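Everything in the sequence shown is counted per our numbering, starting at 7 for the first residue and increasing by one.
Even for Gly, the Cβ is constructed at its ideal location relative to N, Cα and C.
These figures come from a predicted structure and were not determined experimentally.
This report concerns only the one structure given below.
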Amino acid sequence: MSEAFVGGKAEILSGMDQRVFRDVLIVNVLPLPIGLETADGSMEVTRRRNGRISTTATKYFHIYEDNQCGPTVEVYEDE
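Rendered as C-alpha cells:
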C-alpha cells in the first residue's frame, strides 16, 4: 500500500473534519501490468498498470499447433 493511501485512511479514521474528504474517492488499482505468455515467449498484457482491480475483459487467442489438447496458461506480472 502506498504511504499516501495509508496516511489518508488514518486521517479519515481519526475523525478529522469529514468535509475535507468529501470529494475523495479511493480506488484499488494494479501496481504492475498483468499478462499472459504467448507462444513466442513474449507477454500479452491483459491488465494495464494502474487499471482498476475489479474489471472484466475478453481476449481471443489462436492455437499454436493443430490438434492441441488444451492450452497452458502462464500469467505474469511485469513492468
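Residues bridged to Ile40 (per DSSP): Ile40 pairs with Arg53, Glu83.
Buried or exposed (CB count within 10 angstroms, at least 16 for buried), Gly41: Burial call: buried.
Cβ-based neighbour list, Arg54, same chain, cut-off 7 Å, excluding 5 preceding and 5 following: Only Pro39 meet the Cβ criterion.
Distance, Thr52 Cα to Thr62 Cα: If I take the Cα positions, the gap works out to 10 Å.
Backbone CA spacing between Tyr66 and Gly76 [nearest angstrom]: One C-alpha to the other measures close to 14 Å.
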